[in-house]
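Chains as they are written, first to last, in the working numbering: chain A, 363 to 638; chain B, 2 to 134; chain C, 3 to 83; chain D, 6 to 498; chain E, 671 to 1173.
A short worksheet on the structure shown next.
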Amino acid sequence: MRIIGLLIVIAFGSLLRYGVFFFPEWGDPASPPSLHVSPHYIEEAIAETAVPNLVTAVLADYRGYDTMFETTVIFAAGLACFMLLRVLQRQVPECRLYRHIPTGITLRIEKGGKLPTESGSFERIDSNWVPHDLIIKSTSRFITPFLQIFALYVIAHGHHSPGGGFQGGVILGAAVIMYAISYDLRRSIQRIGEQATAVLGSAGVLIYAGTGALCMVLGAAFLDYGALAGLLGVDPVMARSHGMLIVEIGVGIAVSAVMVWIYYNLSSAGRHDEGL
Amino acid sequence: MGVELFSDIASKYNYLGVVILMMIGLYAMIAKNNLVKKIIGMNIFQTAIILFYVSTAAKRGATIPIIRHGHNGHGHEVIHAAEYINPLPHVLMLTAIVVSVATLGVALALAVKVYHQYGTLEEDEIRGQLRNK
Amino acid sequence: MIWELDFIILTLVIFSGIAAITVKDLLSAAILFGAYSFMMCLLWAIMGAVDVAFTEATVGAGVSTVFFVAAVFHTTRDSKD
Amino acid sequence: MNTILSLKPLLAVLTSLLAVPGIILSRSPNVREGWTFAAALAKFGIVVSMIPMVLSGVRLEYTLAEVLPGLGITFRVDAFGMLFAVVASSLWIVTSAYSIGYMRGLQEHSQTRYFCFFALALSATLGVAFAGNLFTLYLFYEALSFATYPLVTHHQDREARSSGRKYLFYILGGSIAFVLPAMLVAYHLTGTLDFTPRGFMGGIESKSTLLVLLLLFVFGFAKAGIMPMHSWLPAAMVAPTPVSALLHAVAVVKVGAFCVVRIITGVFGTDLLAAFHFDTLICVIASVTILTSSLIALTQDELKRRLAFSTIGQLSYIVLGVALLSQAGMTGGMLHIAMHAFGKITLFFCAGAIFVATGIKHISGMVGIGRRMPVTMGAFFLGSLSVIGLPPAGGFISKWHLVLGTVQAHQYAMLVVLLASSLLNAAYFLPIVYRAFFCAPGEAMFENRIAEAPVWCLAPLVVTAVGSVVLFFYPQPFLRLAALAVQTMTGGG
Amino acid sequence: MENLSPHFPALIIIVPLIAALLTSAAGWLNRRLCFHFAALGLFTSLLVSTGLLASVLDKDVILYRLGGWPAPWGILYRIDRLNGLVLVVIFFIAFLNLIANKRTVEESFPEQLGGFYALYVLFVTGLSGMVATGDAFNLYVLLEISSLTGYALIGIGHERAPLAGLNYLFMGTIGASLYLLGIGFLYLMTGSLNMTDIASLLPGFYGSPVMVLAFLLCMTGLFIKMALFPLHAWLPNAYSFSPSASIGVIAPLTTKVMIYVMIRMTFDVFTPDFSFKMMHLGEVMVWLAVAAIIMGSLFALAQTRLKRMLTYVIIAEVGYMVGGFWLGNRMAVTGAVLHILNDAVMTLCIFLAAGAVVYQICGDDFEDLKGLFRKMPISMAAFTVAALSLIGVPPTCGFFSKWYLISGGIAAGHYGFVVALLFSSLVNAVLFFRIIEIGYFEPFSEGEGGHGVHHGPPAMEIREAPAGMLACLLLAAVSLIVLGIYTGDIVTRIIDLAIPPAI
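Below you can see the structure in the form of structure tokens.
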């Protein structure tokens, strides 16, 4: 296998290497990609959409349809992980570990066992629990709000600076994931349940598709945000900018929710019991 | 010829990097035995393609594709295409990155499932188990 | 765009890529993959693709690595190759 | 010759198809058989009602659907098709009656399925008879193969399965591997598949192409049983006897022969064959089959197998007759479709009746049986006369024309073949009759009290036996149809 | 709102997308609604696509600017006769299979109904989007949607399904990435992503090796995805272990849509001139297809399980279409396009029948099928019709596409292809009659040789499949014959006009 692989790879590589001879020089301002379609974006985007970040303008407007499916891809991945991994039959784990908070004694309860009656001061812990996690917990408690605010900023400010729905959404999701890692998965799921992630995931994509469909209802083409001008009370160019913001928010919601969803399923192998 | 070749390499070394990364990724996918290694290889392969696209966007003497003093379209100076890097491949590659992470998620989910089924991530061991059955 | 820097990072990317697929321990491989992604992100930032770099930093170096680690924790760290 | 649009051919094909739901949904066997008879009679009526028009030189045509540009499911009734349709539809009535007697007599299972596929097979047979182009012919040819498979394997035991395999292997293999490519090449070369009285391949110059196509067609229509594509036929005799009777003496094998004749006349055309001297080639192929199969038939002890090999030989008479390309030869070949059908079906009916009454399959067990079953064996005698070609049976008429045809075509070698094979026919049939009547029955015969088969079995075989005698004295309907067909095909007066 | 018909091209994709999202949400809120959302979405799309086909028949080409941007800058949907037809087929099959498998889905995934149906509808969305789009990169995104959902739909099966799904994912990702790279090469040379735009710029680069590479990369990627012979290894495992409900839509559609995409790429992006005349690829491809047909048929012969055997038949069928297409003459291309349509419906029918059998007898070993005609007559009748169509017996539709393909082979003088087609027909006959024979004959004991076997009550209580499944199965079987009879119309009114005159 190794040798076959090597041969295939070398054949493939030399074929591509041969092709590279005929490429335009790297960074050549006169190469076709720089001359054909992109100049329109660079020169007209600001006049047509009022968004200075060209990537956002192209992403959410000119090629907004691609982006809608990009979000759908993420959503599909979330669904796929859910379908593949999630174990919904409630099964009692082999053993559970409980820690008595005041004393720090760990109780190991075998399958089917019950917790002592005065269970108020017990907390369930993961099997790979480490006692000295104060620094991690405090740091994450400290960082999480900033992370979330930054994520919102990235989503909202994507028009003017690098960033946008995806990046912001991933950061927002990462904040939750960090919480789940530093505390434990059960607590995170208590806060943001699986149902919430799943429904928010579809809601986010639905915001995107719904915005597009609204434009269609208003008589323009699908995703032609200019049609929203009347609804938003601004001129069509600004309406495009606002429309992009709406869909970016949708993307942000969907991406963050789905990232968390995938993490839940992946980190507990679908049992939503013990995470990392 | 040698000089020509060298100057060709010098002016296109980025594309060569792409080719090398693709070879690495493809090799891992074909020849590696471990499923997670294959998945890593797959991701390297995908990022190599992303690098290729990003390289096509590069433009000497241009800056990042965010219009300066262009707030709300009031800065009425003429914008020259040569001043900014081509944004289109960037957009495409945002999509490609997202696709690759989605694929990664599904691949890992499948790998975890395979592990739970066979107790191993090595392909030859799995194949051996299947043959014995 | 500084080509020297670009070239150095490209070399680093390639090396971390090779390292990620050759190291025996899967957890190390996951972390090396994170490093690879981060280098890649730097490379793109240098090439002016700020949005792509940003995305790669969050998605590639961030979430992907977490996914890898999560999967490795649920399977095994050992690998024969 | 004028052509008129008419729904009748379609109706004739569809009648038995339409009876299928009725057969399936019938609650009692009597209602089911009622449907079968109704369809059989209706079909015969429709077919007969077209005879006068066909005889007056009108061609009835109907296109069901244009499935490919310029190529449709087209029915066109000409004299030759008519001749075959009359034979098939008239014998269906008789066979239906016989089936009832046979199937009930033996208490066979799955009778509904049997009658259902029986009806389907008849639809397909008429479809072949009325096909207006090669494509339609192929369509119904294939349909017939599939409709008869459940009939051949009716017993659903091990023997039936292996015979079924052989049957499909030859028939389907021949049609897919030989006929289909040949048809496509023909279409590619000429741009049409419509049968014309003088053939549509006239434009092709290349002798080798024509030769390959001709051979592909002749051997591809494996139902015609031309050696070496014949060995499915004896195997298929495991089927219930009415199936063997109707399908393997009348419908299936005759469809094969019919197709070959169509290819010779409607696709290649007599002029073309004569021009390239392919007629001799086909004659040789046919005569080899005739002689070989007759010799094999002599060695068979199982009655139905002997009849099967006899059928193989008789089919090649038809091919031989048409390939002679002489007026009388072609007439004889076509007539033989009808004459042989009546004769052979009688023989099969008799074999079945003997089996129903005694359970005997082998000729060696039939010594002296004529005394117990005089009617059956009498009919058997008439049937064998017809097949051998002796008066006063219809077979004489067709064989007479065939012999005349060889003389007309100056193919004296073929004349020898015909006469030799007639002798062989006599050699393998007449001893059966002789021993049945004039030899003392064996020990087993005395112990069981054997009588004639039930009346449902007996009546049909009497009818067909009488039919073949009547055809000797009154062959006009078939003769006129055959003569008309030959006239249009050869263009001569 | 008054008149939505100009928006049809967008609606065919948007409606199932939104339906999928609602289905998924309904899975968490009210599980009973899932099926209704999914079915409604697909049915609406079926109606819309039919309307679209009707209007494209007199309008030639319908363009739709998504986001209102003109062509090279925005994304364009381009519906012509050909993909209008393919779209109808996609939704017809997806809808029928959904209805047929309602019961099996409810039994296999009682808690995850929403997830399953959402994946299902998203899969169909991806496929239809790929067919409709006029933008090379948009095609990639939609390809990934259908692939990702496809991996999941396969991976949720039993036995070796997860492993097979993972292998499929690796192969699929390589395929999609190669396609992406090919598009990247095209973009590097032309600077455009719009198919028509690329095609118009292409003549300037006809000689360039980069173009050749781009073409090879795109095609290789698609060949992997469509499982053309040497690249087919992922398919049999992936298809034979997945649930009936998913395979009923994946098997008929994936490979066929990929072949359509190949046709689209060669016609609309690389132009027939380049693809057929400059590449000199035709001969190689046809021989590959011949190999695919022969190897697929031979492998199929070696199988002892029904679904697995069918997967190899699919591989052979891919060879039909690829070979027909690369013969490059009008007859053969017509055959290839017609076969996309016919093979999709045939595969649907045969997999539905196999699904019904598997559902009733819980197994698909040939041994399990004994005496099935008596127990499940209607399902087996439909199976027989589909089998006849796969063998190529008139008047089922399989015959007619084979007719065109063979005629094309004869016209091109490529007798290897003709022989391969006939060989595969014969092998199919053997394959399917082997099964029909097993199903037709009751289990009989070894010693018994005589006739008139008496039949006791069947050992297992096996009954006919549920009514919904049967209805869909019969509809599929009937449509095989209807398609066959209307071949003439389909060819003259749709396919003939859709194939570029250059061929």
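The beta carbon of each residue, even a glycine, is placed where N, CA and C say it ideally should be.
In chain order, what residues of the same chain have a beta carbon less than 7 angstroms from the beta carbon of residue i, not counting five sequence neighbours either side?
i                     : result
residue 95 of chain D : 49
residue 4 of chain D  : Nothing can be reported for residue 4 of chain D, as the shown portion of chain D is limited to 6 through 498.
Shorter than 8 angstroms from the beta carbon of residue i to some beta carbon of chain B?
i                      : result
residue 580 of chain A : no
residue 41 of chain C  : no
residue 69 of chain C  : yes
Closest by CA to residue i, which one among the options?
i                       : options                           : result
residue 976 of chain E  : E:1000, E:837, E:1098 and E:849   : E:1098
residue 1026 of chain E : E:939, E:1138, E:791 and E:758    : E:1138
residue 439 of chain D  : D:479, D:482 and D:369            : D:369
residue 949 of chain E  : E:917, E:880 and E:921            : E:880
residue 1056 of chain E : E:1009, E:1038, E:1148 and E:1136 : E:1148
residue 393 of chain D  : D:91, D:85, D:318 and D:141       : D:318
residue 58 of chain D   : D:69, D:9 and D:102               : D:9
Are the C-beta atoms of residue i and some chain E residue less than 8 angstroms apart?
i                      : result
residue 379 of chain A : no
Any Cβ of chain A within less than 8 angstroms of the Cβ of residue i?
i                     : result
residue 73 of chain C : yes
In its own chain, which residues sit with a C-beta less than 8 angstroms from the C-beta of residue i, not counting the 5 before and 5 after it?
i                      : result
residue 887 of chain E : 848, 849, 851, 852 and 855
residue 571 of chain A : 430
What did DSSP end up calling residue i once you bin it into helix, strand or coil?
i                       : result
residue 1216 of chain E : Nothing about residue 1216 of chain E can be reported from this structure: the residues present for chain E run from 671 to 1173 only.
residue 367 of chain D  : strand
residue 70 of chain D   : strand
residue 1 of chain C    : With chain C covering only 3 through 83, there is no way to say anything about residue 1 of chain C.
residue 338 of chain D  : helix
residue 238 of chain D  : helix
residue 74 of chain B   : Per-residue confidence for residue 74 of chain B stands at a pLDDT of 47, beneath the threshold of 50, marking its modelled position as unreliable; no derived number is given.
residue 78 of chain D   : strand
residue 986 of chain E  : helix
residue 406 of chain A  : helix
residue 484 of chain A  : strand
residue 402 of chain D  : helix
residue 767 of chain E  : helix
residue 415 of chain A  : strand
residue 1116 of chain E : Residue placement at residue 1116 of chain E is flagged as unreliable, the pLDDT there being 42, under the threshold of 50; a coordinate-derived value is accordingly withheld.
residue 830 of chain E  : coil
Consider the Cβ of residue i: report whether some Cβ of chain D lies at a distance smaller than 8 angstroms.
i                       : result
residue 1015 of chain E : no
Does the beta carbon of residue i sit closer than 8 angstroms to a beta carbon anywhere in chain C?
i                      : result
residue 42 of chain B  : yes
residue 545 of chain A : no
Near residue i, what residues of its chain come up, given a Cβ to Cβ distance below 6 angstroms and the 5 sequence neighbours on each side ignored?
i                       : result
residue 808 of chain E  : 745
residue 1046 of chain E : 1134
With 8 angstroms as the C-beta to C-beta threshold (strictly closer), list the residues of the region 557 to 569 of chain A near chain E in chain order. 557, 560, 561, 563, 564, 565, 567 and 568
Cβ-based contacts, 8 angstroms cut-off: residues of the region 178 to 190 of chain D near chain E: 178, 181, 182, 185, 186, 189 and 190
Listed in chain order, which residues of the region 49 to 60 of chain C have Cβ atoms closer than 9 angstroms to some Cβ of chain A? 49, 51, 52, 53, 54, 55, 56, 57, 59 and 60
Just by C-beta distance, which residues in the region 443 to 473 of chain A are closer than 9 angstroms to chain E? 443, 444, 445, 446, 448, 450 and 451
If the cut-off is 7 angstroms on Cβ atoms, which residues from the region 16 to 35 of chain B count as contacting chain C, listed in chain order? 18, 21, 22, 25, 29, 33, 34 and 35
Please identify, using Cβ separations under 9 angstroms, the residues of the region 58 to 84 of chain D that lie next to chain E, in order along the chain. 69, 70, 71, 72, 73, 74, 75, 76, 77 and 78
Residues of the region 1090 to 1108 of chain E whose Cβ lies closer than 7 angstroms to any Cβ of chain D, in chain order: 1092, 1095, 1096, 1099, 1103 and 1107
Given a limit of 9 angstroms on CB to CB distance, which residues of the region 1051 to 1079 of chain E reach chain D? 1054, 1058, 1061, 1062, 1063, 1064, 1065, 1069, 1070, 1072, 1073, 1074, 1076, 1077 and 1079
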